[in-house]
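Reviewing the structure listed below.
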Amino acid sequence: MNQTSITLVEQYYAAFNGGDMDTFLNLLTDDVIHDINQGKREVGKEAFTQFMACMNHNYKEQLVDMVIMATADGKRAAAEFVVLGEYIKTDSGLPEAQGQKYHLPAGAFFEIRDNKVARITNYYNLQDWIAQVGG
C-alpha cells in the first residue's frame with residue numbers, strides 16, 4: 001500500500017471531521033470529479049464547493065471507524081467508515097428534517113493525481129438512511 005496516498009485520504013477526512021473546508025477543498029485538483037451517491041457526476045472544485053455548502057447546511061456529520069487502503073502505485077485509494085450524523089435542515093426531495101440522528105455505513109473510492117484527490121466516488125445505502133430518518 002502507498003503510505004503517501006493513505007496520508008492524503010487521512011488528511012482529507014480529518015479536515016472534513018474538523019470542519020476545515022479550506023484545507024478539505026485544497027486537497028482536491030481543480031478538475032476534481034465527484035460521483036455523488038445515487039446521483040450525477042459533477043466536475044470541478046467550484047461544483048464540489050457548492051455541494052459541500054449544501055451538505056454542511058443540511059447535515060452535521062462525523063466519520064468514524066475509518067479504514068483506508070491504497071494501491072501500491074498510489075493512484076487509487078478506498079475508505080470504509082461509518083457516518084454519525086444529524087439531519088438538521090430539510091434537503092430537497094428528501095424527508096423532513098427534525099434533528100434525526102443516523103448511523104450509516106459508507107465508503108469512498110479515490111483517484112489520486114499529483115498528491116491531490118482527482119476523483120471521489122461516495123457510496124452509502126440511501127434507503128437505509130431514509131429509514132433511519134423516518135422517511
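Just so we're aligned, residue 1 is where the sequence shown starts under the UniProt record's numbering, counting upward by one. Glycine included, every Cβ here is placed at the ideal spot set by N, Cα and C. In this text, all values refer to a predicted model and were calculated from it rather than measured experimentally.
* For I130 versus P95, is the C-beta distance shorter than 8 Å? -> The residue you call residue 130 lines up with position 130 of the sequence shown. The residue you call residue 95 lines up with position 95 of the sequence shown. Yes, Cβ-Cβ distance for I130 and P95 is below 8 Å.
* Does the beta-carbon distance from L25 to K45 come in below 8 Å? -> The residue given as residue 25 occupies position 25 in the sequence shown. The residue given as residue 45 occupies position 45 in the sequence shown. Going by beta carbons, L25 and K45 fall inside the 8 Å limit.
* Same chain, Cβ closer than 7 Å to E111, five either side skipped, listed in chain order -> For the purposes of this step, residue 111 is taken as the residue at position 111 of the sequence shown. The answer, listed in chain order, is K75, R76, A118, R119.
* Asked: Taking DSSP as the reference, what is the three-state secondary structure of K45?
  -> Start at 1 with the first residue of the sequence shown, and residue 45 comes out as number 45. Residue state, collapsed to three classes: helix.
* Go ahead and label G85 buried or exposed: buried means 16 or more other beta carbons lie within 10 angstroms of its beta carbon, across all protein chains shown. => As a working note, residue 85 is residue 85 in the sequence shown. The residue is buried, with at least 16 neighbouring Cβ atoms inside 10 Å.
* Of the listed residues E42, A53, Q127, nearest to D20 (C-alpha basis) -> Along the sequence shown, read from residue 1 onward, the residue named residue 20 stands at position 20. Per the C-alpha coordinates, the member of E42, A53, Q127 positioned closest to D20 is A53.
* Rounded to a whole number of angstroms, what is the C-alpha to C-alpha distance between F51 and I36? -> One-based indexing of the sequence shown puts residue 51 at position 51. One-based indexing of the sequence shown puts residue 36 at position 36. When rounded, the distance between both Cα atoms is 9 Å.
* Would a C-beta distance cut-off of 8 Å place M55 and Y13 closer than the cut-off? -> Along the sequence shown, read from residue 1 onward, the residue named residue 55 stands at position 55. Along the sequence shown, read from residue 1 onward, the residue named residue 13 stands at position 13. Not a contact, by the Cβ cut-off of 8 Å.
* Quick one: using the 10 Å Cβ neighbour count with 16 as the cut-off for buried, is V43 buried or exposed? => The residue given as residue 43 occupies position 43 in the sequence shown. With fewer than 16 other Cβ atoms from the protein chains shown falling within 10 Å of its own Cβ, V43 counts as exposed.
* H34, buried or exposed, once every other Cβ within 10 Å from all chains shown has been counted against 16 -> Stepping through the sequence shown from its first residue, residue 34 is reached at position 34. So H34 counts as buried.
* Under 8 Å between C-beta atoms of Y124 and Y87 -> Counted from its first residue, the sequence shown places residue 124 at position 124. Counted from its first residue, the sequence shown places residue 87 at position 87. Between Y124 and Y87, the C-beta gap is not smaller than 8 Å, which leaves the two residues out of contact.
* **K116 versus Y102: straight-line alpha-carbon distance, rounded** => Within the sequence shown, numbered from 1, the residue matching residue 116 stands at position 116. Within the sequence shown, numbered from 1, the residue matching residue 102 stands at position 102. Rounded to whole angstroms, K116 to Y102 spans 30 Å at the Cα level.
* To do: Would you mind working out which of S92, F109, Q98 sits nearest E80, comparing C-alpha positions?
  => Locating residue 80 in the sequence shown gives position 80, counting from the first residue. For E80, the nearest C-alpha among the options comes from F109.
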